[in-house]
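Working notes, structure below.
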Amino acid sequence: MTVLLKHARSWGPLLAIAVLAVVLLVVAPAVLSPFRLNNLGKYVCWAIAGVGIGLAWGRGGMLVMGQGVFFGLGGYAMAMHLKLEAAMASGGPDAIPDFMVLYGDATMPGWWEPFRSGAFTLFAIVAVPAVAAAILGYAIFKRRVKGAYFAILTQALAVAFATLLIATIKQTGGFNGLNQFTQFFGYNLYDPVNKKMIYSIAAIVLIACLVVVWQLYRSRFGELLVAVRDGEERVRFLGHDPANIKLVAFVLAAVMASIGGALFAPITGIISPSDVDATASILLIAGVALGGRALLLGPALGALAVGYGRTYLSESFPDQWTYFLGLLFIVVILFFPSGLGSVWSQVTSRLRKEGTA
Amino acid sequence: MDAFTTPLLAGTATGALLLIAALGLALTFGQMGVINMAHGEFLMAGAYTAYLTQQVVTNADLSILVALPVAFVVAGLLGLLLEVAIISWMYRRPLDTLLVTVGVSLLLQQLAKDVFGAQGDPVRTPGWLEGNVDVFGYHWPYRQMFTILLALLALAGLGALLKYTAYGRRIRATVQNRDLAETMGVSTRAVDRVTFFVGSGLAGIGGVAVALISGTNPNLGTTYIISAFLVVVAGGLGQLRGTVIAAFAVGIVTAFLTDWLSSSMAQVLTFALVVIFLQARPQGLFTVRTRGLA
Numbered sequence: 351m352t353v354l355l356k357h358a359r360s361w362g363p364l365l366a367i368a369v370l371a372v373v374l375l376v377v378a379p380a381v382l383s384p385f386r387l388n389n390l391g392k393y394v395c396w397a398i399a400g401v402g403i404g405l406a407w408g409r410g411g412m413l414v415m416g417q418g419v420f421f422g423l424g425g426y427a428m429a430m431h432l433k434l435e436a437a438m439a440s441g442g443p444d445a446i447p448d449f450m451v452l453y454g455d456a457t458m459p460g461w462w463e464p465f466r467s468g469a470f471t472l473f474a475i476v477a478v479p480a481v482a483a484a485i486l487g488y489a490i491f492k493r494r495v496k497g498a499y500f501a502i503l504t505q506a507l508a509v510a511f512a513t514l515l516i517a518t519i520k521q522t523g524g525f526n527g528l529n530q531f532t533q534f535f536g537y538n539l540y541d542p543v544n545k546k547m548i549y550s551i552a553a554i555v556l557i558a559c560l561v562v563v564w565q566l567y568r569s570r571f572g573e574l575l576v577a578v579r580d581g582e583e584r585v586r587f588l589g590h591d592p593a594n595i596k597l598v599a600f601v602l603a604a605v606m607a608s609i610g611g612a613l614f615a616p617i618t619g620i621i622s623p624s625d626v627d628a629t630a631s632i633l634l635i636a637g638v639a640l641g642g643r644a645l646l647l648g649p650a651l652g653a654l655a656v657g658y659g660r661t662y663l664s665e666s667f668p669d670q671w672t673y674f675l676g677l678l679f680i681v682v683i684l685f686f687p688s689g690l691g692s693v694w695s696q697v698t699s700r701l702r703k704e705g706t707a
Numbered sequence: 131m132d133a134f135t136t137p138l139l140a141g142t143a144t145g146a147l148l149l150i151a152a153l154g155l156a157l158t159f160g161q162m163g164v165i166n167m168a169h170g171e172f173l174m175a176g177a178y179t180a181y182l183t184q185q186v187v188t189n190a191d192l193s194i195l196v197a198l199p200v201a202f203v204v205a206g207l208l209g210l211l212l213e214v215a216i217i218s219w220m221y222r223r224p225l226d227t228l229l230v231t232v233g234v235s236l237l238l239q240q241l242a243k244d245v246f247g248a249q250g251d252p253v254r255t256p257g258w259l260e261g262n263v264d265v266f267g268y269h270w271p272y273r274q275m276f277t278i279l280l281a282l283l284a285l286a287g288l289g290a291l292l293k294y295t296a297y298g299r300r301i302r303a304t305v306q307n308r309d310l311a312e313t314m315g316v317s318t319r320a321v322d323r324v325t326f327f328v329g330s331g332l333a334g335i336g337g338v339a340v341a342l343i344s345g346t347n348p349n350l351g352t353t354y355i356i357s358a359f360l361v362v363v364a365g366g367l368g369q370l371r372g373t374v375i376a377a378f379a380v381g382i383v384t385a386f387l388t389d390w391l392s393s394s395m396a397q398v399l400t401f402a403l404v405v406i407f408l409q410a411r412p413q414g415l416f417t418v419r420t421r422g423l424a
């Protein structure tokens, strides 16, 4: 019996992931209209970034308030490729994106050129955020900058990134961002079947991220990460370098955010500075906090819930949505600091304590 | 001469604004470990107070002088309300106070949008603040000088409060060792409340200065809050001199970079410079030495 229970505890999360997989991949496409399914795809992209935030913040104690930057690196990399695909489909192999013609000199900046290649784009979606996060993380963690300092620095980064995107209108489309994609690696984006395919890719990526993180949490690395969160100095005294452990989690989180952003661009048909700025980053945090940052499924489910709530509330109460978001932060953090997903375990552990007393 | 003087003077004025905003942040951060993301909205409250005061006191020459103490009290009371209603329930959870105050900041911004409209309102400059003084051929507006004067007054006032009053002594005791201060009979709860009132009130005064330069605007707080936080991070905790030097450094460096490149590149580079600076001094310019384990 106890052996069975032990198995249930270690395999239970995997079962939960399997249930989520069935819901996202089988049930949702069957019951939702194409429009709603596409919306769900958008929330799934946020959830992918959310799983990474859960890893960095929930397990690693690093409150990343600028995850929109990495979401944006992936989103813009993909969007640049899609933009070039659209241009090449209508104007030949040397065509350049329409907005560059519109905004002036009709020459393409050199760093756009490699994104004509789909393979390079996929490589860049993983490599660019990984390198950026590694450099930034190394600079911050090696000098033992942490806690609130880290949170504020990453938020400042998101503000700076969004400002930069808005300012470089000739290279990145500025405030309007990149939109009007027609192709996705050769597939027509107006075809509903292809839209469904991209949704499925996003759902599979989310499930894959969850499995990876589940495995990580079970590993020695997962234990060290929690140890660093709870007592960084003690881990240092035991002979590990906390900076390296944090760096791995931070880079993984950045890559997940970037992949989420890369899928977000074809699903929503647009990526703009408002998808990556400080407010967008805070929305990502909101989902993770709501679901339960240290849980396995909490960040993903919370991100899906916040995504749905955002659509539903802004459809019904367009101007009051911000009030809901503000109150959500206050109520969840004040009363359920470990998220709604842990309410059940909080209640049961309290009951258990009373039972033994 | 002009290429040097212009950003130097404008940057000093920006630095003064950042200083007023950062003083309150540094105070509450240093004493209570609270990261108040709604601090920018207290700045906004000060700006709207200046606007409302001008609706009542129509004499523009006088209205700004009336607005200053009123803004201090309004923003201070807002801060006190935040402390009593929310912050006091979550001591020793600094990252959580950060998130909660993000929520408060969103609420206050939307509230300002609903009450005053999404468009900004102009604030009239009093006659005695119009005009400029010539500095090496550069016309330096009186308004910018006024901001610097306000910052220096706020700094001097806060310094005197901390150094010469019994309350200031209690603050310093609480900052150094909260538990020990408590044992010695200091009501740290009461000290925290006064600190929050004073810190938020200072933001209100800063808001009046902002209103004179750019009018009111529901998003006004977000414009300054990140730079103010960078100032606090670069300056180090609980140290006024660090905050002062960092504020003027950030203000002036940003002004020079804006002059040479563009305002967006300046923002990005200032961020990079702060990260590079933290490589040399990870705890900011000045640190309180401690033997505690993190």
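Which chain is which? The protein sequence lines are A and B, in order.
So for the first sequence, my numbering puts the first residue at 351; every next one is plus one.
So for the second sequence, my numbering puts the first residue at 131; every next one is plus one.
In this text, a Cβ means the ideal position worked out from N, Cα and C, and glycines have one as well.
If you're wondering where the values come from, they're calculated on a predicted model, not measured in any experiment.
- For I278 (chain B), no CB of chain A lies under 9 angstroms from its own CB, so it is not counted at the interface with that chain.
- Using a CB distance cut-off of 9 angstroms, W270 (chain B) does not count as an interface residue toward chain A.
- For P592 (chain A), the enclosing alpha helix (DSSP H) starts and ends at P592 to T618.
- Counting C-beta atoms within 10 angstroms of its own C-beta, H269 (chain B) has fewer than 16 neighbours from the protein chains shown and is therefore classed as exposed.
- Contact with chain B is found for D669 (chain A), since one of that chain's Cβ atoms lies less than 9 angstroms from the residue's Cβ.
- At least 9 angstroms separates the beta-carbon of V362 (chain B) from that of A146 (chain B).
- Chain A has a Cβ within less than 9 angstroms of the Cβ of M220 (chain B).
- Bounds of any alpha helix (DSSP H) do not take in W462 (chain A), whose DSSP letter is neither H nor E.
- Contact between G637 (chain A) and A653 (chain A) holds, with the beta-carbon distance rounding to 3 angstroms and staying under 8 angstroms.
- Only those residues of the segment 202-236 of chain B whose C-beta falls short of 9 angstroms from the nearest C-beta of chain A are listed: I216, W219, M220, R223, P224, L225, D226, T227, L228, L229, V230, T231, V232, G233, V234, S235 and L236.
- With fewer than three CB-CB distances shorter than 8 angstroms, the segment 184-194 of chain B does not count as touching the segment 405-414 of chain B.
- Neighbourhood of V363 (chain B) in chain A, by CB distance below 9 angstroms: V495, A498, Y499, I502, L503 and A506, in chain order.
- B:R302 is the residue among B:N166, B:F378 and B:R302 whose C-alpha sits nearest the C-alpha of Q369 (chain B).
- The residues G524, in chain order, have a CB closer than 8 angstroms to that of T518 (chain A) in the same chain once the five nearest residues on each side in sequence are set aside.
- Think of a sphere of 9 angstroms around the beta carbon of A489 (chain A): the chain B residues whose beta carbon falls inside it are V405, I406, L408 and Q409, in chain order.
- According to the DSSP secondary-structure assignment, W361 (chain A) is paired through a beta bridge with no residue.
- Within the DSSP secondary-structure output, Q533 (chain A) pairs in a beta bridge with A:N538.
- Runs of alpha helix (DSSP H) with 4 or more residues, each lying fully within the segment 268-336 of chain B, are found at 272-294, 296-306 and 308-313, listed in chain order.
- Following the DSSP letters along the chain, one finds D191 (chain B) inside the alpha helix (DSSP H) bounded by residues A190 to A215.
- For Y181 (chain B), the closest C-alpha among the options B:S344, B:V305 and B:L283 is that of B:S344.
- At a cut-off of 9 angstroms between C-beta atoms, G163 (chain B) counts as an interface residue with respect to chain A.
- Only exposed fits P542 (chain A), as fewer than 16 other CB atoms lie within 10 angstroms of its CB.
- Rounded to whole angstroms, I335 (chain B) and Q274 (chain B) show a C-alpha spacing of 14 angstroms.
- Contact of Y673 (chain A) with chain B by beta-carbon distance below 7 angstroms involves L237 and Q240.
- Contact annotation: the segment 164-180 of chain B touches the segment 340-356 of chain B, with at least three C-beta pairs closer than 8 angstroms.
- For a Cβ distance threshold of 7 angstroms, residue set A506 of chain A lies close to L360 (chain B), ordered along the chain.
- For K243 (chain B), at least one C-beta of chain A is nearer than 9 angstroms to its own C-beta.
- At a cut-off of 9 angstroms between beta-carbon atoms, I403 (chain A) makes no contact with chain B.
- Annotation: the continuous beta strand (DSSP E) that includes V265 (chain B) extends over N262 to V265.
- Bridge partners of I621 (chain A) according to DSSP: A:L528.
- Rounded to the nearest whole angstrom, the C-alpha separation of R494 (chain A) and E582 (chain A) is 10 angstroms.
- Secondary structure note for I165 (chain B): it is in no alpha helix (DSSP H), with a DSSP letter that is neither H nor E.
- Between V405 (chain B) and A489 (chain A) the beta-carbon gap is near 6 angstroms, inside 8 angstroms, which marks them as a contact.
- By the C-beta density criterion, P252 (chain B) is exposed, having fewer than 16 other C-beta atoms within 10 angstroms.
- Of all C-beta pairs linking the segment 593-604 of chain A to the segment 397-414 of chain A, three or more are shorter than 8 angstroms, placing the two stretches in contact.
- For the C-beta of F401 (chain B), the chain A residues within less than 7 angstroms are, from N- to C-terminus, A506, L507 and A510.
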